[in-house]
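Comments concern the structure below.
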Amino acid sequence: MTFQSYIWLSDWGTKFQPSVQSSLLSQSNAPSLLRCSSSCNLNRQCRTFDYDSSSLLCRLFDGTLNTSNITSSVQTQRIGSVTIPTSFFNNYGQPCSKCVEDRYLTCSGFGTCECPIGSCWNGAQCDKRNNFNASASLNISNWCILFANWRTSTSNSPMGEPRNAKIFYLLANATLVIRQIGECHTSNSPNW
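For what it's worth, the working numbering labels the leading residue of the sequence shown as 572, then goes sequentially.
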């Protein structure tokens, strides 16, 4: 399978400010912006990078432009963002035989192709969500699948509840209801 991505570049004079510090994957020296963007593209977790042509500092992040900030900076700095076509996630939920050599999906303990640990399904692709619970204004439907993506090797969830138990979470003034792994709904008035 051939993998490709697209790199969006900001104007010079911008710097990436992740919403959480843990978003930084690595930082190293790179002789050029092209080399820095290549480093990000080679790391399947990398979604954003910034580069300083003066210091040659290349920083790789797993956060996206949607979950972080772009700040003004010196004219030698620039941000790049990796865009991955949603078609690369067509095997999501398929049997593991479909994602043996897949870069963006992994085989889960349930025998299906799932998002790698640390990311969740947003309805179109795997998406890193490092600012979970960070904002009361988040769109609850985007977080719904996060809980449905639990991976455990036993029949119990991390909370000790059976997988098919009805579990409620209060998140951003909405109640999140998980009826079963893989089925998730949001509601302000839970319906048992």
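We treat Cβ as the ideally placed atom computed from N, Cα and C, and that holds for glycine.
Quick caveat: nothing in here was measured; it's all calculated off a predicted structure.
In the structure shown, what three-state DSSP assignment does arginine 630 receive? For the purposes of this step, residue 630 is taken as the residue at position 59 of the sequence shown. Reduced to three states, the DSSP call for arginine 630 is strand.
- Message: Rounded to the nearest angstrom, what separates alanine 695 and phenylalanine 660 at their Cα positions?
- Response: On the sequence shown, residue 695 is found 124 positions in, with the first residue counted as 1. On the sequence shown, residue 660 is found 89 positions in, with the first residue counted as 1. If you take the alpha carbons of alanine 695 and phenylalanine 660, they lie about 7 Å apart.
> Is the distance from the Cβ of glycine 689 to the Cβ of proline 666 below 9 Å?
Replying inline: Here residue 689 refers to the residue found at position 118 when the sequence shown is read from its first residue. Here residue 666 refers to the residue found at position 95 when the sequence shown is read from its first residue. Contact: no.
For this session: Use the C-beta contact count for arginine 674: other C-beta atoms within 10 angstroms, 16 or more gives buried, fewer gives exposed.
Result: Locating residue 674 in the sequence shown gives position 103, where the first residue counts as 1. It is exposed - the Cβ of arginine 674 has fewer than 16 other Cβ atoms within 10 Å.
**Asked** On the three-state DSSP scale, how would you describe arginine 649?
**Response** Along the sequence shown, read from residue 1 onward, the residue named residue 649 stands at position 78. Note: arginine 649 maps to strand in three-state DSSP.
Worksheet entry | DSSP state of serine 603 mapped onto helix, strand, coil | By 1-based counting over the sequence shown, the position of residue 603 is 32. In this structure, serine 603 counts as coil in the three-state DSSP scheme.
Would you mind sorting serine 652 into buried or exposed? The rule is 16 or more other CB atoms within 10 Å of its CB. In the sequence shown, counting from the first residue as 1, residue 652 sits at position 81. Buried: at least 16 other Cβ atoms inside 10 Å.
- request: Compare the C-alpha of serine 625 against each of Asn600, Ile655, Gln575 and name the closest.
  value: For the purposes of this step, residue 625 is taken as residue 54 along the sequence shown, with counting starting at 1. Looking at the Cα atoms, Asn600 is the closest of the given residues.
Determine which residues share a DSSP beta bridge with aspartate 673 and list them.
For the purposes of this step, residue 673 is identified with residue 102 of the sequence shown, where counting begins at 1. DSSP, once it has assigned bridges, lists no residue as partnering aspartate 673.
From glycine 584 to cysteine 629, what distance separates their C-alpha atoms? To locate residue 584, count along the sequence shown from 1; it is residue 13. To locate residue 629, count along the sequence shown from 1; it is residue 58. It is roughly 15 Å from the alpha-carbon of glycine 584 to the alpha-carbon of cysteine 629.
query = Which one of Glu672, Trp692, Cys611, Pro687 has the shortest CA to CA distance from tyrosine 577?
reply = For the purposes of this step, residue 577 is taken as residue 6 along the sequence shown, with counting starting at 1. Of the listed residues, the one whose Cα sits closest to tyrosine 577 is Cys611.
- [ ] Evaluate tryptophan 692 with the Cβ neighbour count: other Cβ atoms within 10 Å of its Cβ, from every protein chain shown; 16 or more gives buried, anything less gives exposed.
- [x] Against the sequence shown, residue 692 aligns to sequence position 121. Under this definition tryptophan 692 is a buried residue.
Original post:
Cβ atoms of lysine 586 and glutamine 646: under 9 Å apart, would you say?
Top reply: On the sequence shown, residue 646 is found 75 positions in, with the first residue counted as 1. On the sequence shown, residue 586 is found 15 positions in, with the first residue counted as 1. Not in contact: glutamine 646 and lysine 586 (Cβ atoms no closer than 9 Å).
ask   = Since tryptophan 692 sits in a beta bridge, which residues does DSSP pair it with?
value = As a first step, residue 692 must be located in the sequence shown, where it is residue number 121. Answer by DSSP bridge pairing, in chain order: Cys697.
Quiz item: Is the beta carbon of leucine 636 less than 9 Å from the beta carbon of isoleucine 650?
Solution: Against the sequence shown, residue 636 aligns to sequence position 65. Against the sequence shown, residue 650 aligns to sequence position 79. In this structure, isoleucine 650 lies closer than 9 Å to leucine 636 by Cβ.
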